[in-house]
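Engineer: Residue numbers (mature numbering (1 follows the signal peptide of the UniProt record, and there is no 0)): -24 to -1, 1 to 69.
Heads up, the beta-carbon is just placed ideally off N, CA and C, and yes, glycines get one too.
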Amino acid sequence: MQEHFFRLLRAGGLAGFLPLAAVAAPPPSDNSQYPTRAAAEDHCPGEVIVWVDLDARVYYFRGQDRYGSTKRGAYMCQRDVKSGGYRQNRSGR
């Protein structure tokens, strides 16, 4: 049976049987996330700009250790962060 499966796979005969979930969809883009502080400031002048750790869903203020330095993050306006369900860093670092 396994040999038959691989023969069909090589011939392209399983294309209709592969689940659609096997093709990863791109992550949704969030227009309120910016790669630089300057870009965030342009979007929301006069507002507080925070750094968001997107994996942990935590945000940091300028001057805190992890501001701008987590592996996967973005600059955002504080008002967008609050409405997006992110939480403030509790440790003060």
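List the endpoints of the continuous alpha helix (DSSP H) containing Ala50.
Structural biologist: In the sequence shown, the residue the question calls residue 50 occupies position 74. Per DSSP, Ala50 belongs to no alpha helix (DSSP H); it is in the beta strand (DSSP E), 49 to 53.
Engineer: Which partner residues does Asp29 have in the DSSP bridge list?
Structural biologist: One-based indexing of the sequence shown puts residue 29 at position 53. BP columns for Asp29 point to Val34, Gly49.
Engineer: Please report how far the alpha carbon of Leu30 lies from the alpha carbon of Ser8, in whole angstroms.
Structural biologist: For the purposes of this step, residue 30 is identified with residue 54 of the sequence shown, where counting begins at 1. For the purposes of this step, residue 8 is identified with residue 32 of the sequence shown, where counting begins at 1. Each residue's Cα considered, the two are about 12 Å apart.
Engineer: Looking at the secondary structure, which residues open and close the alpha helix (DSSP H) in which Arg42 lies?
Structural biologist: Along the sequence shown, one-based indexing puts residue 42 at 66. That residue, Arg42, is in no alpha helix (DSSP H); it is neither H nor E in DSSP.
Engineer: Glu17 lies in the alpha helix (DSSP H); which residues open and close that run?
Structural biologist: The count along the sequence shown starts at 1 and reaches residue 17 at position 41. Its alpha helix (DSSP H) spans residues 13 to 19.
Engineer: Quick check: the Cα distance between Gly60 and Asp41, rounded to an integer number of angstroms?
Structural biologist: On the sequence shown, residue 60 is found 84 positions in, with the first residue counted as 1. On the sequence shown, residue 41 is found 65 positions in, with the first residue counted as 1. Computed Cα separation, rounded: 23 Å.
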